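> Mapping of the sequence shown onto mature numbering (1 follows the signal peptide of the UniProt record, and there is no 0): residues -21 to -1, 1 to 896, in sequence order. Just so you know, even glycine gets a beta-carbon here, dropped at the ideal spot from N, CA and C. Remember, predicted model here, so these are calculated numbers, not experimental data.
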Amino acid sequence: MKRTIFLVIILIVKIALNVFSLQYDHCGERLIKIRGLVVGGKISQRGMWPWQVGIYKKQGVSGWKFLCGGALVSPQWVLTAAHCFYVGKNNTNRVWSEKDIKPLAKYKIKVGDHELRSYESSEQEHKFQEIFIHPDYRHDPIYENDIALVKLNREVILGPYVRTVCLPGPDLDLAKPGTAGMVAGWGMTDYSWVSSFLRYSVFNIQTNSVCRRAISFYYNKTVAFCASDVKGHSAPCYGDSGGSMVRKFFLNGKYRFVTIGLVSWGGCTLGSHFGYYTRLQPFLPWIYHKVNSTCIGPGQLTNGVVNSTKSIYQPNEAIRFTCNINYRRIGKSELTCQRDGTWNGYKPICLEVSCTNFHHPGDGRKIPQQSKFLPGQKIIVECKKGYTQLGKSSLICQSDGSWDRIWPYCLAPCPRPTQPKNGTKLQRGDSFMHGQSVRFRCNTGFKRTGSSLTTCINGKWTNKTPKCVAPCPDPGTPSYGHRYNHSFQHGDQVMFSCEKGKYLIGRKMITCSDGRWDQMTPKCSVPCKEPSSLSGGKRKGDQFKQEFQCNAGYTMVGPSAINCVDGNWDNDIPKCFTNCPDPGAPTNGERKGDIFTHLQTVSFSCKSNFAMIGSSKIKCVDGKWTDSIPDCTPECGSPLGMENGKIPNKNIRASSRWNNRYDARYGRLHGTRTWCSGRFNIKSPYLEVDLEKPYRITYIATQGNARDNQWETKYTISYSLAKSSPIEYRENDKEKVFNGNSDATTVVKHKLKKSIIARRVRFRPIGYRFSGYLFKSSCMRVEIYGCDLPTDCVMVGSRVLGKWDSNYRGGDVYCKSYVKTIDDTYNEVQLEIEDDEYYNDKLKTMSKTHVVLDVPNKQLNLPRGTKVLAPDGNKYYTGNIERIIEYYYLVRFDDKTSAWIHKTDIRVLKPTQFCEG
């Protein structure tokens, strides 16, 4: 027992001595030792990974969430993964910015921690002072260059459970395939939560080809590597990100733990047994630069030499640059590393020293043929054939990149100058060298304009070829006049005058120009009398010439000027006609033509689905248009009810029928049966359709008898408003005969050239055809197409109430009627009564004040005293509204009687509004 206690005491003392013998500021050392490899992620002992740190992110008001791992590389610096701090939107190859990092106050770290969910005396918490994301970090599709440094707000306190890990030398890459490294972390052991205790595993580094084949997207072996555990099924997981992979390496006289990479992605995040790591070696200059304020080596000098090739330089260290032969330096020859880790200038560049092979017009052969020449090299320049060389042919490239003399010029020859018309070129030849001259001479009797000498200067003549101009013919002498000067050469002037009592018509002086006089020879003439004034315009001039101009808004017809010829004017004076006002354009249409002068024509067209009523062209005649602009009304062509049954059977009648199976009611388009007239001795058979009210009719259609294979080849139509005699439909001043059918089933539709307004339409067959036997029977199925008449104004065909009589007891009597005609002044209308039971006079002409549009009243609350027409039987009587109860009005008639009338039966007695006029 005593011996056991003694051995324990000795062991405790030995451990204590080992602890106190360690220097905590040495990197890569620890108290706990590992015996053999650990496989599968084992729980580590406290102090086994003293450089391991935990990074936390604030969640909510007071909570903190474990985020990533990291490694302490100095008392104030932590090495971790860049993606731990990235909160920006995913974007392929997107470069990070400071906006992608949350505020520093959202983060903190813990060092000396082993068990996350319990406090340990070795724990230290520190805030962030600054985060440095590597400038080349790309978030997608993989975390390329996934490395970051965190500077703490103060240094941590080093001790047995808080140590730093070693960084390898800048030229030392320890992440080689076939070697193993260890990773510690609190990563997830399943998909629910991170590990409570710090765990660790050993991983084998794989070859680049294995790493590339394991994924489907880009893999950069320069900045990354992959690894798996010795069994090939374990990899880092959520929460391990940012943690360091370390190896033991002999450094500074002993074996130490050195970080070789950072956990980046893969593993359980992809369901893979490979984890992908950021390779540390390429980023060591950047790490040293940030942590130790050292300078990153500038690298090699293109076309030059650097006296040092280190990756890291300490403050005050200098490097020198030298350019190769035939290259000159642009920039400083020496740079010094400053205390803030930056160089005191930029790396120079070495530019090649060479002379340029110039290309000038006219250059011919060059020896040798090359684009640039080094110092000391020689070139010989020769001009093209016919060119004149100015300067020496031989040049030598100098050490400063310039030629030893001015590059020679090759001066171009000139083309052969043109020979002047009516002249001669004294020198012959097709090509003229630089400096050569040519002289010109005009033929006898011709005068030269321009220089007689021109010289060739580098491909261009100094003067244009002169002209040899001809003399002018004798201009003659005007009758009753005189001429002064008898020389007619180019540039000469001749003057004229008239005898007393005669006036000169034209210019008194004319000039000769290259064989032509610039003006006609003037005339001496007797003056004319003053012409009459121009109505709507003005004139100006004298007794020999008068010019006319119409006032604004007028158009001239006739000559704008007249001349006096031997005392008489050569033409009548013009006339000024008034222009027309802008006629405008029809609603739902457009006008073609914007000129409204006398005799000008403009045309009109309507939009799609609108029909034109009126003239499509109008002409301006002395301020007035020949017609008013047309109206564009909605296209009228809907079926009115034969096929769909809207028209009742009782409204379809015929002259006769074959039998009950061919009754008039079967005369509907596409009906299963057909109307057929009686067989024998039936003259002028017809089928008549009563539409119950007038419509504007635009189309008609017919069909034969499909059951008996009969059809009508020709027919006419007539129409009426009420019970008056039908009016035959005419086109081109004669009754229109329509082409009917050519078989029993096909529908033949005709558009009426001029629409009609009618209530009743009568079809009269005048030709028929059948297959097999001859019958004296006509068979038709028909449809009528058109549209309603306006209900807010009165026009021909409108249904109205017209004053037909007076009541002997007081008031007036109105009857339902149709408008037959409207006079040109829109003051009188002719009406046709709808029901002639009470009156013999079917037609009646009356003032427009006695006509009321027959439209049901829609207003619910007509005021008391409103003058109205109310029905009693088939007649309407004048009266006034006395009371209103819901939909009924109490009307007191002018004959002192009263009656309750429904609102829809009342017509308001108000002035007539015509659709036109």
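Taking the alpha helix (DSSP H) that Cys894 belongs to, which residues open and close that run?
Neither: Cys894 is in no alpha helix (DSSP H) and is coded neither H nor E.
> Sorted by chain position, which residues of the same chain lie with C-beta nearer than 8 Å to Ser410's C-beta, five sequence neighbours on each side aside?
Within the same chain, Ser410 has close Cβ partners Gly365, Pro392, Cys393, Pro394 and Arg395.
> Of all the beta strand (DSSP E) runs that stay within the bounds of the stretch 704 to 791, which reach a length of 3 or more residues?
Runs found: 727 to 749, 758 to 766 and 778 to 785.
> Can you tell me which residues form a DSSP beta bridge with Leu241?
Answer is Ser223 and Thr257.
> Run through DSSP, which three-state label would Asn72 get?
Only weak support exists for where Asn72 lies, its pLDDT of 49 falling under 50; the coordinates are left without a value.
> Going by other Cβ atoms of all chains shown within 10 Å of its Cβ, with 16 needed for buried, is Pro215 buried or exposed?
Pro215 is buried by the Cβ-count criterion.
> Return helix, strand or coil for Arg658, following the three-state DSSP convention.
The answer is coil: DSSP assigns Arg658 none of H, G, I, E or B.
> Determine the closest residue to Val417 out of Asn401, Phe575, Val716 and Asn442, with distance taken between C-alpha atoms.
Comparing Cα positions, the closest option is Asn442.
> Within 10 angstroms of its Cβ, does Gln377 collect 16 or more other Cβ (buried), or is it exposed?
By the 10 Å Cβ count, Gln377 comes out exposed.
> As a quick exercise: from Cys529, Ile309 and Leu95, pick the residue whose alpha carbon is nearest that of Cys329.
Here the closest residue by C-alpha is Ile309.
> Between which two residues does the beta strand (DSSP E) containing Asn542 stretch?
Per DSSP, Asn542 belongs to the beta strand (DSSP E) from Ala540 to Val544.
> Consult DSSP for Cys145 and reduce its assignment to one of helix, strand or coil.
Cys145: strand per DSSP, three-state reduction.
> So the candidates are Thr500, Val360, Leu51 and Asn718; which of them puts its Cα closest to the Cα of Asp92?
Cα-wise, what sits closest to Asp92 is Leu51.
> If you reduce the DSSP assignment to three classes, tell me which class Ser796 lands in.
It is a strand residue.
> In whole angstroms, give me the CA-to-CA distance for Leu753 and Ser699.
Since pLDDT at Leu753 reaches only 47, below the 50 mark, its modelled position is unreliable, and the value read off the structure follows with that caveat. When rounded, the distance between both Cα atoms is 33 Å.
> List the DSSP bridge partners of Val581.
DSSP, once it has assigned bridges, lists Ile597 as partnering Val581.
> Within this structure, are the beta carbons of Leu353 and Ser373 separated by less than 8 Å?
No.
> Indicate the three-state DSSP secondary structure (helix, strand or coil) for Arg652 in the structure shown.
It is coil, neither helix nor strand.
> Leaving out five residues on either side along the sequence, give the residues of the same chain with a beta carbon under 7 Å from the beta carbon of Asp712.
Cβ within range, chain order: n/a, list empty.
> Grab the span of the alpha helix (DSSP H) containing His268 for me, first residue to last.
Leu263 to Asn271 is the extent of the alpha helix (DSSP H) around His268.
> Count the CB pairs spanning the stretch 420 to 438 and the stretch 453 to 462 that are closer than 8 Å, and state whether there are at least three.
With the cut-off at 8 Å, the stretch 420 to 438 and the stretch 453 to 462 do not touch.
> Kindly indicate the opening and closing residues of the alpha helix (DSSP H) around Val189.
Taken as a continuous stretch (DSSP letters only), the alpha helix (DSSP H) holding Val189 covers Asn187 to Arg192.
> Run through the stretch 504 to 562 for me and flag every whole beta strand (DSSP E) of 3 or more residues, listed as ranges in chain order.
Listed in chain order, the complete beta strand (DSSP E) runs (minimum 3 residues) inside the stretch 504 to 562 are 516 to 520, 524 to 529, 533 to 536, 540 to 544 and 554 to 557.
> Which one or two residues does DSSP pair with Asn684 in a beta bridge?
Asn684 pairs with Gln689.
> By Cβ distance below 6 Å, which residues in the same chain neighbour Arg636 in space, the five residues on each side in sequence not counted?
Only Asp642 meet the Cβ criterion.
> Using 10 angstroms around the beta-carbon of Tyr234, count the other beta-carbons present and answer buried if the total reaches 16, otherwise exposed.
Counting Cβ neighbours within 10 Å, Tyr234 comes out exposed, since fewer than 16 surround it.
> What number of angstroms, rounded off, separates the C-alpha of Leu841 from the C-alpha of Lys875?
Leu841 and Lys875: Cα-Cα distance of roughly 20 Å.
> Across which residues does DSSP place Tyr234 in a beta bridge pair?
Tyr234 is bridged to Phe229.
> Is it right to say Gly776 is buried, meaning 16 or more other beta carbons lie within 10 angstroms of its own, or is it exposed?
Buried: at least 16 other Cβ atoms inside 10 Å.
> Can you grab the Cα-Cα spacing for the pair Ile(-7) / Phe236, in whole Å?
Model confidence at Ile(-7) stands at a pLDDT of 42, short of 50, so the residue's coordinates are unreliable; what they give is reported in the following sentence. Rounded to the nearest angstrom, the two C-alpha atoms are 21 Å apart.
> Quickly, what does DSSP pair Trp322 with across the bridge? List them, please.
According to DSSP, which records beta bridges pairwise, Trp322 is partnered with Cys316.
> Would you list the residues sitting across from Ala50 in a DSSP beta bridge?
Ala50 pairs with Gln31 and Leu58.
> Can you give me the Cβ contacts of Asn836 inside the same chain, cut-off strictly under 7 Å, excluding the 5 residues immediately before and after it?
Excluding sequence neighbours, Asn836 sits near Lys882, Thr883, Ile885, Arg886 and Val887.
> If you compare alpha carbons, which of Arg299, Asn464, Asp497 and Thr367 is closest to Gly438?
Residue Thr367 is the option with its Cα nearest to Gly438.
> Does the beta-carbon distance from Phe64 to Ile88 come in below 8 Å?
Against a cut-off of 8 Å, the Cβ pair of Ile88 and Phe64 comes out as no contact.
> Along the chain, where does the beta strand (DSSP E) that runs through Val284 open and close?
Segment Gly283 to Val285, the beta strand (DSSP E) holding Val284.
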